[in-house]
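A.B. asks: For the sequence shown, position 293 (counting from the first letter as 1) is numbered 294 according to our numbering, and the numbering increases by one without interruption.
Cβ atoms here follow ideal geometry from the backbone N, Cα and C, with glycine treated the same way.
Since we're looking at a predicted model, the values are computed, not measured.
The structure follows.
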Amino acid sequence: MKKAFAFNFLYAWLLMMSFSCQNHKKGESTLKWDIQYLEGSPHLRGLYVVDNNVAWVSGTNGVYALTTDGGGNWKQGVVPMAEGLDFRDVHAFDSLRAVLMSVGSPGYIYLTEDGGENWKEVHKDSRPEVFFDGLDFWNDKEGMLYGDPIDGKMLILKTADGGGSWQEIPDDSKPFTLKGEAGFAASGTGIVLKGDSLAWIGMGSNLARVFKSVDQGNTWEAVNTPMKQSNSVDGIYGMHFLDEVNGFCVGGNYKDSTSRADCIIVTKDGGNTWTHVSKPTSGFKSAMVMSNVRNEAFAVSRYGTDFSLDNGNTWNKMDTVSLYAVGSDSSGNLVLATGPYGKIAILK
2 MKKAFAFNFL YAWLLMMSFS CQNHKKGEST LKWDIQYLEG SPHLRGLYVV
52 DNNVAWVSGT NGVYALTTDG GGNWKQGVVP MAEGLDFRDV HAFDSLRAVL
102 MSVGSPGYIY LTEDGGENWK EVHKDSRPEV FFDGLDFWND KEGMLYGDPI
152 DGKMLILKTA DGGGSWQEIP DDSKPFTLKG EAGFAASGTG IVLKGDSLAW
202 IGMGSNLARV FKSVDQGNTW EAVNTPMKQS NSVDGIYGMH FLDEVNGFCV
252 GGNYKDSTSR ADCIIVTKDG GNTWTHVSKP TSGFKSAMVM SNVRNEAFAV
302 SRYGTDFSLD NGNTWNKMDT VSLYAVGSDS SGNLVLATGP YGKIAILK
């Protein structure tokens, strides 16, 4: 009886494990993007997912678009008198209020408070050296924008009124940068703000450092990382923090589609130290996202998407769909990505 019971128990356990593995593999194999395209084929690098219904995207030719039904339908528009601008970052608070940031000189910031029916130019910087890289908000009032260094110091702007006005921080509060160090406006995720006062900014080129502030940008500390860093297109292209302690940087070399080395790093102490993950992404990545509820994570680039089912520790190739940015709501129920030629992707 004992032998028979042991055999039956072992058989049942093996059957259960086999079924579990089949389901796990099935779950992995069924991950895919449902692709849509905006009119006019704008390149879309700006993306912000507010919740499982509302999201905004932005890109070239002054284009923005808004969904209020989880990506099923998009209201597309062009900011008046901004047809020549490339809006590489957008931050939204709801279906009515959103802030757009353009790259190049002059650098512009626009605000809408009525779902894109009207846009207000709230900031313009005409200095030839200006190049905005990304923006984020601590809350619905306080936010920060960063740009490439000018005269050896990082360009940083702040707002205290929800994006209605922006001021450059005092010169003695700006962090010093090293020769050639700059940001990448690849996905609008090179800056992350958390809590009431924490800020992280990822940089690249000959050095890939993370700049951290604990007091809303009044003081800064530069932290060296093991991210790929050897020439002008190496470095940190995107960041994602789950909370005030656990975060990731992705990047590499956007011209290199095959090198797995040094393209994703992780911190477990609030950005004070950074290390490699157990199994890296398949190569360069410009953005990543992980659900605060699930353990699923996705990293995208012009070369395709990688996914992780173990909190970003190991990564596998999902597809070769060209994408620039990725985001999700806090639950992970709605995962969106954007890419070239008006591409918007919804994870199915």
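#1: Just to confirm the assignment, what range does the beta strand (DSSP E) spanning residue 34 have?
#2: DSSP three-state label for residue 254, please.
#3: Assuming residue 77 is part of the beta strand (DSSP E), what are its boundary residues?
#4: Mapping the DSSP letters down to three states, classify residue 63 as helix, strand or coil.
#5: Please confirm whether any heavy atom of the ligand MN lies closer than 6 Å to the CB of residue 264.
#6: Taking the CB atoms as reference points, tell me whether residue 294 and residue 278 lie closer together than 7 Å.
#7: Count the CB pairs spanning the region 231–243 and the region 203–220 that are closer than 8 Å, and state whether there are at least three.
#8: Rounding to the nearest angstrom, what Cα-Cα distance links residue 335 and residue 56 in this structure?
#9: So, helix, strand or coil for residue 22, using DSSP?
#10: Looking at residue 282: is its Cβ nearer than 7 Å to the Cβ of residue 300?
#11: Assess contact between the region 63–82 and the region 153–170, defined as three or more Cβ pairs (one per stretch) separated by less than 8 Å. Is contact present?
#12: Look up residue 309 in the DSSP assignment and say whether it is helix, strand or coil.
#13: Identify, in the order they occur along the chain, each residue of the same chain with its Cβ nearer than 8 Å to the Cβ of residue 286, setting aside the five sequence neighbours on each side.
#14: Would you check if the region 175–195 and the region 123–131 touch, i.e. whether three or more CB-CB distances between them fall below 8 Å?
#15: Determine the direct distance from the alpha carbon of residue 161 to that of residue 141, and round the result to whole angstroms.
#16: Straight-line CA distance for residue 202 to residue 74?
#17: Find the nearest neighbour of residue 341 within the set 218, 60, 33, 52, judged by alpha-carbon distance.
#18: Can you find the residues in the same chain that come closer than 8 Å, C-beta to C-beta, to residue 51, ignoring five residues on each side of it along the sequence?
#19: Can you say whether residue 297 is buried or exposed, counting buried as having 16 or more other CB atoms within 10 angstroms of its CB?
#20: Among the residues of its own chain, which have a CB less than 6 Å from the CB of residue 131, if the five just before and after it don't count?
#21: Span of the beta strand (DSSP E) holding residue 147?
#22: Report the option in 260, 291, 326, 339 whose CA atom is closest to the CA atom of residue 333.
#23: Suppose you measure from the CA of residue 226 to the CA of residue 41; what does that come to, to the nearest Å?
#24: Have a look at 78, 147, 155, 273 and flag the residue whose alpha-carbon is nearest the alpha-carbon of residue 119.
#25: Classify residue 237 as helix, strand or coil using the three-state DSSP reduction.
#26: Below 8 Å on the Cβ atoms is my contact criterion, and I expect residue 170 with residue 135 to pass it. Report the Cβ-Cβ distance as a whole number of Å.
#27: Run the CB neighbour count on residue 231, radius 10 Å, all protein chains shown included, and call it buried at 16 or more, exposed below.
#28: Which of helix, strand or coil does DSSP assign to residue 198?
#29: Could you tell me the alpha carbon to alpha carbon distance between residue 347 and residue 173, rounded to whole angstroms?
#30: Could you check where the beta strand (DSSP E) with residue 170 kicks off and where it finishes?
C.D. replies: This is what the structure gives:
#1: For the purposes of this step, residue 34 is taken as residue 33 along the sequence shown, with counting starting at 1. Note, residue 34: beta strand (DSSP E), 34–38.
#2: The count along the sequence shown starts at 1 and reaches residue 254 at position 253. For residue 254, the secondary structure class from DSSP, reduced to helix, strand or coil, is strand.
#3: Start at 1 with the first residue of the sequence shown, and residue 77 comes out as number 76. Unbroken beta strand (DSSP E) run through residue 77: 76–79.
#4: Here residue 63 refers to the residue found at position 62 when the sequence shown is read from its first residue. Three-state DSSP puts residue 63 in a helix.
#5: For the structure depicted, the ligand MN is absent and the ligand set is empty, with no information on it obtainable.
#6: In the sequence shown, residue 294 corresponds to position 293, counting from 1. In the sequence shown, residue 278 corresponds to position 277, counting from 1. Taking 7 Å as the Cβ cut-off, residue 294 and residue 278 do not qualify as a contacting pair.
#7: yes
#8: Numbered from its first residue, the sequence shown carries residue 335 at position 334. Numbered from its first residue, the sequence shown carries residue 56 at position 55. Spanning the two alpha carbons is a distance of roughly 10 Å.
#9: Numbered from 1 along the sequence shown, position 21 holds the residue referred to as residue 22. Unreliable placement is indicated for residue 22, whose pLDDT of 41 sits below 50; the coordinate value is still reported in the next sentence. DSSP places residue 22 in helix when its eight states are reduced to three.
#10: Counting from 1 along the sequence shown, the entry for residue 282 is found at position 281. Counting from 1 along the sequence shown, the entry for residue 300 is found at position 299. Yes.
#11: no
#12: Taking the first residue of the sequence shown as position 1, residue 309 is located at position 308. Three-state DSSP puts residue 309 in a strand.
#13: Mapped onto the sequence shown, residue 286 falls at position 285. These residues qualify, in order along the chain: 238, 239, 251, 252, 253, 264, 265, 300, 301, 302, 307.
#14: no
#15: Stepping through the sequence shown from its first residue, residue 141 is reached at position 140. Stepping through the sequence shown from its first residue, residue 161 is reached at position 160. Just so you know, the alpha carbons of residue 141 and residue 161 end up roughly 9 Å apart.
#16: In the sequence shown, the residue the question calls residue 202 occupies position 201. In the sequence shown, the residue the question calls residue 74 occupies position 73. Cα to Cα, residue 202 sits roughly 33 Å from residue 74.
#17: Sequence index remark: in the sequence shown, residue 341 carries index 340 (1-based). Minimum Cα distance to residue 341 is reached at 60.
#18: The residue you call residue 51 lines up with position 50 of the sequence shown. So the list reads 57, 93, 94, 95, 96, 330, once near-sequence residues are dropped.
#19: Mapped onto the sequence shown, residue 297 falls at position 296. Residue 297 is buried by the Cβ-count criterion.
#20: Position 130 of the sequence shown, counted from the start, is the residue given in the question as residue 131. Answer for residue 131: 106, 108, listed in chain order.
#21: Start at 1 with the first residue of the sequence shown, and residue 147 comes out as number 146. Element bounds for residue 147: 144–151.
#22: The sequence position of residue 333 within the sequence shown is 332, counting from 1. Comparing Cα-Cα distances from residue 333 to each of 260, 291, 326, 339, the minimum goes to 291.
#23: Position 225 of the sequence shown, counting from 1, holds the residue named residue 226. Position 40 of the sequence shown, counting from 1, holds the residue named residue 41. Taking the straight line from one Cα to the other gives about 39 Å.
#24: Locating residue 119 in the sequence shown gives position 118, counting from the first residue. Comparing Cα-Cα distances from residue 119 to each of 78, 147, 155, 273, the minimum goes to 78.
#25: Position 236 of the sequence shown holds residue 237. If DSSP states are grouped into helix, strand and coil, residue 237 belongs with the strands.
#26: By one-based count along the sequence shown, residue 170 stands at place 169. By one-based count along the sequence shown, residue 135 stands at place 134. Wrong, their Cβ atoms sit about 16 Å apart, outside the cutoff.
#27: Counted from its first residue, the sequence shown places residue 231 at position 230. Its Cβ having fewer than 16 others within 10 Å, residue 231 is exposed.
#28: Taking the sequence shown and counting its residues from 1, one reaches residue 198 at position 197. Of the three classes helix, strand and coil, the one that applies to residue 198 here is coil, per DSSP.
#29: Looking up residue 347 in the sequence shown gives position 346. Looking up residue 173 in the sequence shown gives position 172. C-alpha separation (whole angstroms): 44 Å.
#30: Residue 170 sits at position 169 when you count from the first residue of the sequence shown. Counting along the chain, residue 170 falls outside any beta strand (DSSP E), and DSSP gives it neither H nor E.
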